[in-house]
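**Q**
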Amino acid sequence: MRQSVKFLRDGELVELNNVDPNETLLDYLRLREGSCGTKEGCGEGDCGACSVAIGSLKDGKLEYQTVNSCIQLLGMMDGKEIITIDDLSKGSQTKDSQELHPVQDAMLRHHGSQCGFCTPGIVMSLFTLYHAEIKADRNTINDQLAGNLCRCTGYRPIIDAAMESCTGKAQNRFHEDAPVRTDKLNELDDKEDLFIGNETAFFAAPASNETLAALYEKHPDAVIVAGATDVGLWITKQLRDLPKIIHIGRVTELQKITHSNDEITIGASVTYADAKDTLATIDPDVAEIIRRIGSTQVRASGTIGGNIANGSPIGDSPPLLIALDAKLTLQKGTQSREIDLENFFIDYGKQDRKEGEFVSKIRIPKLAKNEVFRSYKISKRFDQDISALLAAFRLTIVNGKVTQARITYGGMAGIPKRAEKSEKSLINIALNAPETWGKAVQALEQDFNPLSDMRASADYRMEAAKGLLIKVLHEISNGKVDQQGKQTRVIGARASDVREAV
Amino acid sequence: MLHKSPSANTPTATVGKDNKHDSAERHIKGTALYIDDIREPQGTLHLAPGYAQASCGKIRSLDLSAVKSALGVVTVLTAKDIPGINDCSPAMGDDMILADGHILFHGQVIFVVAAKSHLEARKAARLAKIEIEETAPMVTVEDGLEKDASVLPPYEFLRGSPDEIIKSSPNQIADRFHIGGQEHFYLEGQIAMAIPGDDGEMLVHSSTQHPTEIQHTIAKMLGVQDAAIVCECRRMGGAFGGKESQAAQWAALSALAAHATGRPAKMRLDRDDDMIMTGKRHDQACHWQAGYDDQGKLTAVNVEFNSRCGCSADLSLGVNDRTMFHADNSYYYPQVRILSRRVMTNTVSNTAFRGFGGPQGMVFSERMMDTIAIKLDIDPLDVRKTNFYGDEDRNITPFGMKVQDNILDELVSELESTSDYRNRRKEIATFNKKSPFLKKGLALNPVKFGISFTLKHLNQAGALVHVYTDGSVQVNHGGTEMGQGLYTKVAQVVAEEFGIDLEHVRITATKTDKVPNTAPTAASSGSDMNGMAAKQAAETIKNRLIELASKLYQVDKTAINFAHNKVKIGDQEVAFSELTQQAFLERVSLSSTGYYATPHITWDRDTKDGRPFLYFAYGACCAEVTIDTLTGEMKVDRVDILHDVGKSLNPAIDIGQIEGGFVQGMGWLTTEELVYDDQGRLRTHAPSTYKIPTASDVPEDFRIKLWNSSGNREDTIYRSKAVGEPPIMLATAVFSAITNAIASLSPGQVPQINTPATPENILRAVRDIKKRDVKAGEK
């Protein structure tokens, strides 16, 4: 067992024995290191001013991802590399020179800063895009910047700077040094359990499922943290003291994704970013919903397991997964059980999770040949917003008729919930007879009694829920979508060559 | 991608060039210092505000014992610890620094904790036990109107007998709609750090648009002379009006803690506290009637703006006056009544926000144009053009000022052509016929915005220029830098004057001991006024150098020229730095102040007579949107902008202001929604719930051009025009395009929609118009 946190700061090893379980990465940078280039804008992971790049090995290859340092716990950095804006202006080839990084240079030439406060975070987001070595188009850049709010520029010069600099070819010291950094990160991966503190207050990051299960069984009052995109706010906003933290990001077994012809299994600590490509094979709408969860920063740390475990009624992945009839595995000690994900959510704030039990993995069936899938997210802002409502539909179509329906809505009740009456009313309706759809649409009023809050009124939620059911029927009845004059979405249009049932 | 026109040809060396923002390199390196980045002196205390969960009522009891004994706490301060005047208002004396006896809104600060760390202070602040004898809060404008509560008396412009004319007009319309407020969401939250000095002196770093007011407030609060207090601001991480008056409270509290403990004290508001405790753009309930002929030409307008001012006056007088000054936008109202009520509510005091009330006035005028066009089935652009101010006649505003610099016809016609407006209207009509759920809308709206403070005495600025013997120059002025590029523009002006490169001009932090008695950096006037003041200071020194050179080299003054870091003196040429060295040796002063008072401003608020503005800035915007009539979702597809900045001091910076202003205005009118509960508590107090535009909200097709101007007809700094605020109002085109898209569902029916046009508001308007369509069909 290791009693220190080890990470790389721009290639150099840092080892800390004194880590408060609740200490954030941002506070470490600004208050302990005195590296003040990284800014705090909101303290809740929504503005991106505190963005830093985190390097880690993915299949042995060094990859940088942007995270919000304000809601990352310092202990979670174990085994990773931290690059901040303060490191970037140290030259392109050597640390001592003062040459600008190519994204900094482009930002400068395109007048990409005004007040400058969001700029360090934006530069770091572009840094990771640059080092991803993909030729960035406008959509990629929009996604990359969705979690970086700028109130001055209107983004255009930043987008231009990204277009120009992120060309798919990295060339500077971070790129040249990658093998050395990779070796160092490999060395840090000692497969040792990490435990700092004592029996009453600790930060732990077990390396195996076995030690995780044992530790959590012993400390069922500990808080399990995967990406901290929610728990981080308990600390920074609710100002809660969470004396016992168990971070599951180092548990190898929980990081697995397995993919067969008919199902996908995702470990509880797999991030959205890592799961996205595999999940996209189910249906492009799954990919589009994942794309719209949080921001690049949130998806780089947030996990689907965490999104389920926290039991939020407005989490985006549960309705999607319930419509797909996903199964959830929970583990306690050496025992595990699999339940229908749908049954995990009992009531607002109440889940079918026993003391000492943790979410272990999610198994998601892929679509059968005669099944079509659609999902839609409604929010005030398209990107990086929490749903007012989210709807997911899996419909089985035989000879132009609906024979089975799984419809799940988020934001319409205290839990993500199936629209059972509406599902029943859909059975046997003909896609070529829109006049028969009304009953299923009306049935939503029996299925749900939504609330009003700052995101939307109950009335709007119901009307939009109905509108989405009409939309899905319209889309699939057209067979092919997005023909001229048949556009059905203002964003997230499906490619016309997408496989469809019928 | 941006399509940028070349800048107007100017004979200048530095002015008019695309110089980078003076701090750009430090921004992108993360080395630009904001107040929270300044190394704290040893023993610095950190402050956090404490407040009650109630909205309004008497403070029955205040138990701070748990706060005082919390970890790290050094002291807790309440109103009774204030030695002088407990007020941080800009003028009216009605904003308490710390609540005393009662609270007026949710989030009003009752005490402040000083602790050894920021986190300890925040945690301790939550431990207070506060009992409030609650009274029912007035939350909405309607609540305030019902109780006849106001922070200031109503104000009215009246010309003719509009009511009678409306009645006798060929067409009449009456309408009510609500214009939403807006949170500034500057990325750097409110912050100040006070450092006590010798003999009661205090240096206060404040992220403020108005250092002089910080100085006054603190001096009054501590009961010391203004001269004992210095306020400094190098840069703000955004402000947008939110740090004009409302930076004062946090600076005052820092100074109070520093005064009470003798230790430096820093107050940085947590984002949620910042959003709860500071004012926003005024939301307004707008009630109006108009009469018009069959071509859509207005005969008379009667409009009432009921403005939610919150719990105190703050800047509501000027803000709401400016709503009235801009209720006409670009249109001539032959007979007109404009009434503004300054309604009191038990919510945070609303304040300055880019446009300062003007945008609300213009949203009204544009809704009126759309309404008339829909009613008459005429293209909205034709209705707009029909009502434009004339050159020779029809050119008197509702407040009596003659519009003399009107370029609306040319500017709007150019945009109409470059945006291909007419063809796209046809294409959109075709699209809407075919598309079952998605509908498009297109609008082309003008902007005319008056430049100058409407409070006459604020139209003054000072500057201080030092030339050092090595030829380097230091510039200081009363304007503050919030990202708008003011420092850069003023430095360009000074570099131009001395004929030296920009790198030799160093701009220094705005500080009340360098340039005293300044106006806030507001009303878009920063470069107009400070540029002129700095130019004058530089000219004074330059004239001394010319005098000296003429004497030393026996050359006529007219033969002396400053350019390329050199001074041409007749046939000889010396380095600028050589001449400055000679000046020192010859005992010639190389330092000067400069001063500027905006000319021709004669507005008298009491008599409603005179000229409030030196000139108008113009612009126009064409926006295309698509809405989803099943969900209310909306996407802005394309935006074309043509904007008038006179002869630009810096085209790159000006374009940045235009784009950024437009996007901020678009956010205000679409996704940015302030939601209060029935107890007056703001529910959208964080970026997780309050949604400003992000990169994907910016239209992919975004075309911005500067109007090819021959220069401001007024003698402004290098004939440029102010650009800070006017562009925000270009975004009314987005709202009009949304209205237009909804109207396509039922020709002749006017969509009932408030701003912001969120998916919910759009869907509500869609359902409403469909219902009316069915009813109309039944008849």
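Chains W and R, in that order, are what the protein sequence lines are.
For the first sequence, counting from 1, position 284 maps to 310 in the working numbering; every step adds exactly one.
For the second sequence, counting from 1, position 8 maps to 635 in the working numbering; every step adds exactly one.
Ideal placement from N, C-alpha and C gives every residue a C-beta, glycine not left out.
#1: Give the range of the alpha helix (DSSP H) segment to which F1289(R) is assigned.
#2: If I follow the unbroken beta strand (DSSP E) through S881(R), where does it start and stop?
#3: May I have the straight-line CA-CA distance separating S1044(R) from V1361(R), to the nearest angstrom?
#4: Please identify, using Cβ separations under 7 Å, the residues of the segment 133-144 of chain W that lie next to chain R, in order along the chain.
#5: Out of H654(R), I1380(R), A1150(R) and A879(R), state which residue places its alpha-carbon closest to the alpha-carbon of P838(R).
#6: Measuring alpha carbon to alpha carbon, tell me which of F1058(R), K870(R) and R1049(R) ends up nearest F983(R).
#7: Under the DSSP definition of a beta bridge, which residues are partnered with R969(R)?
#8: Could you give the DSSP three-state label for K506(W): helix, strand or coil?
#9: Relative to the alpha-carbon of A1164(R), which residue among T950(R), V642(R) and A1118(R) has its alpha-carbon at the smallest distance?
#10: On a Cα-Cα basis, can you pick out the residue from K1398(R), L704(R) and G734(R) that is closest to L1309(R)?
#11: Taking contact to mean at least 3 C-beta pairs separated by less than 8 Å, is the segment 925-932 of chain R in contact with the segment 890-903 of chain R?
#12: Can you tell me whether F13(W) is buried or exposed? The criterion is at least 16 other CB atoms within 10 Å of its CB, across all chains shown.
#13: Answer yes or no: do S872(R) and L814(R) have a C-beta to C-beta separation smaller than 8 Å?
#14: Going along the chain, which residues of its own chain have a beta-carbon closer than 7 Å to the beta-carbon of N336(W), five neighbours each way excluded?
#15: Can you give me, in chain order, the residues of the segment 864-881 of chain R that have a beta carbon less than 9 Å from any beta carbon in chain W?
#16: If we cut at 8 Å on Cβ distances, does R35(W) have a partner in chain R?
#17: Given 8 Å as the limit, is there contact between the segment 1129-1139 of chain R and the segment 1179-1191 of chain R, that is, 3 or more CB pairs closer than that?
#18: Residues of the segment 152-186 of chain W with a CB closer than 9 Å to any CB of chain R: list them in chain order, please.
#19: Is the segment 1095-1102 of chain R touching the segment 1203-1212 of chain R in the sense that three or more CB pairs, one from each, lie closer than 8 Å?
#20: Expressed to the nearest angstrom, what Euclidean distance is found between the alpha-carbon atoms of E1213(R) and G1221(R)?
#21: With a CB to CB cut of under 7 Å and the five nearest residues on each side skipped, what residues in its chain are close to G824(R)?
#22: Whose C-beta lies closer than 7 Å to the C-beta of S1407(R) among residues of the same chain, with five residues either side of it excluded?
#23: On a Cα-Cα basis, can you pick out the residue from L883(R), G868(R) and F867(R) that is closest to I856(R)?
#24: Please list the terminal residues of the continuous alpha helix (DSSP H) segment that includes M996(R).
#25: Could you please tell me which residues of the segment 72-98 of chain W, in chain order, have their CB closer than 8 Å to any CB of chain R?
#26: Would a check of beta-carbon distances place M480(W) closer than 8 Å to chain R?
#27: For S1152(R) versus F1076(R), is the C-beta distance shorter than 8 Å?
#28: Just tell me which of R444(W), D479(W), A172(W) and F228(W) has its CA closest to the CA of F371(W).
#29: Within the 8 Å Cβ cut-off, does T844(R) reach chain W?
#30: Buried or exposed, going by whether 16 or more other CB atoms sit within 10 Å of the CB of Q680(R)?
#31: Are any of the Cβ atoms in chain R nearer than 8 Å to that of P146(W)?
#32: Are the C-beta atoms of G493(W) and some chain R residue less than 8 Å apart?
#33: So F812(R) contacts chain W; which residues on that side make the cut at Cβ distance below 8 Å?
#34: For chain R, check one thing: does any of its Cβ atoms lie closer than 8 Å to the Cβ of Q130(W)?
#35: Give the residues from the segment 1366-1392 of chain R that approach chain W closer than 8 Å (Cβ to any Cβ), ordered along the chain.
**A** Taking the geometry as given:
#1: In the second sequence, counting from the first residue as 1, residue 1289(R) sits at position 662. Secondary structure note for F1289(R): its alpha helix (DSSP H) is the uninterrupted segment P1278 to L1296.
#2: Residue mapping note: residue 881(R) aligns to position 254 of the second sequence, counting from 1. Boundaries around S881(R) are those of the alpha helix (DSSP H), A875 to T888, since no beta strand (DSSP E) includes it.
#3: Locating residue 1044(R) in the second sequence gives position 417, where the first residue counts as 1. Locating residue 1361(R) in the second sequence gives position 734, where the first residue counts as 1. Counting only the Cα atoms, V1361(R) lies some 19 Å from S1044(R).
#4: The segment 133-144 of chain W vs chain R, Cβ under 7 Å: M133, L134, H137, S139, Q140, C141, G142, F143 and C144.
#5: On the second sequence, position 211 is the one that residue 838(R) refers to. Of H654(R), I1380(R), A1150(R) and A879(R), the smallest CA-CA separation from P838(R) is found for A879(R).
#6: Locating residue 983(R) in the second sequence gives position 356, counting from the first residue. Considering only F1058(R), K870(R) and R1049(R), the residue with the shortest C-alpha distance to F983(R) is K870(R).
#7: Taking the first residue of the second sequence as position 1, residue 969(R) is located at position 342. Beta-bridge pairing links R969(R) to L779(R) and S934(R).
#8: By one-based count along the first sequence, residue 506(W) stands at place 480. Low confidence applies to K506(W): its pLDDT is 44, below 50, so where it sits in the model is not reliable, and the reading given next is rough at best. Of the three classes helix, strand and coil, the one that applies to K506(W) here is coil, per DSSP.
#9: Position 537 of the second sequence, counted from the start, is the residue given in the question as residue 1164(R). The residue among T950(R), V642(R) and A1118(R) with its C-alpha nearest the C-alpha of A1164(R) is A1118(R).
#10: As a working mapping, residue 1309(R) is identified with position 682 in the second sequence. Comparing Cα positions, the closest option is G734(R).
#11: With a cut-off of 8 Å, the segment 890-903 of chain R and the segment 925-932 of chain R do not count as touching, because too few Cβ pairs lie within range.
#12: Lying before the first or after the last residue shown, residue 13(W) is absent from chain W, which here runs from 27 to 528.
#13: The sequence position of residue 872(R) within the second sequence is 245, counting from 1. The sequence position of residue 814(R) within the second sequence is 187, counting from 1. Not in contact: S872(R) and L814(R) (Cβ atoms no closer than 8 Å).
#14: On the first sequence, residue 336(W) is found 310 positions in, with the first residue counted as 1. Only residues of its own chain outside the window of five on either side were considered, and among them D256 have a CB closer than 7 Å to the CB of N336(W), listed in chain order.
#15: Hits within the stretch, in order: G864, G865, A866 and F867.
#16: Start at 1 with the first residue of the first sequence, and residue 35(W) comes out as number 9. No, no contact with chain R.
#17: The segment 1129-1139 of chain R vs the segment 1179-1191 of chain R: no contact.
#18: Considering only beta carbons, the part of the segment 152-186 of chain W lying closer than 9 Å to chain R consists of R164, N165, I167, N168, D169, Q170, L171, A172, G173, N174, L175, C176, R177, C178, T179, G180, Y181, R182, P183, I184, I185 and D186, in chain order.
#19: Per the Cβ contact rule, the segment 1203-1212 of chain R is in contact with the segment 1095-1102 of chain R (3 or more Cβ pairs under 8 Å).
#20: Counting from 1 along the second sequence, the entry for residue 1213(R) is found at position 586. Counting from 1 along the second sequence, the entry for residue 1221(R) is found at position 594. Using only the alpha carbons, I get a separation of about 23 Å.
#21: As a first step, residue 824(R) is located in the second sequence; it is residue number 197 there, counting from the start. Around G824(R): L830.
#22: Residue 1407(R) lies beyond the residue range present for chain R, which begins at 628 and ends at 1406; the question has no answer from this structure.
#23: For the purposes of this step, residue 856(R) is taken as residue 229 along the second sequence, with counting starting at 1. Residue L883(R) is the option with its Cα nearest to I856(R).
#24: Position 369 of the second sequence, counted from the first residue, corresponds to residue 996(R). G985 to L1003 is the extent of the alpha helix (DSSP H) around M996(R).
#25: Correct list: D72, C73 and A75.
#26: In the first sequence, the residue the question calls residue 480(W) occupies position 454. Yes, because at least one Cβ of chain R sits closer than 8 Å to the Cβ of M480(W).
#27: Position 525 of the second sequence, counting from 1, holds the residue named residue 1152(R). Position 449 of the second sequence, counting from 1, holds the residue named residue 1076(R). For S1152(R) and F1076(R), no; Cβs fall outside 8 Å.
#28: Reading the first sequence from its first residue, position 345 is the one you call residue 371(W). It is R444(W).
#29: Translated into positions along the second sequence, residue 844(R) becomes position 217. Not closer than 8 Å to any Cβ of chain W, the Cβ of T844(R) fails to qualify, so no.
#30: If you number the second sequence from 1, residue 680(R) lands on position 53. Flag for Q680(R) reads exposed.
#31: Counting from one through the first sequence, the residue named residue 146(W) turns up at place 120. By this cut-off, P146(W) is an interface position.
#32: By 1-based counting over the first sequence, the position of residue 493(W) is 467. Yes, its Cβ sits closer than 8 Å to a Cβ of chain R.
#33: Along the second sequence, one-based indexing puts residue 812(R) at 185. Near F812(R) (Cβ distances below 8 Å), the residues of chain W are L175 and R177.
#34: One-based indexing of the first sequence puts residue 130(W) at position 104. So, interface residue.
#35: Answer in chain order: T1385, P1386, E1387, L1390 and R1391.
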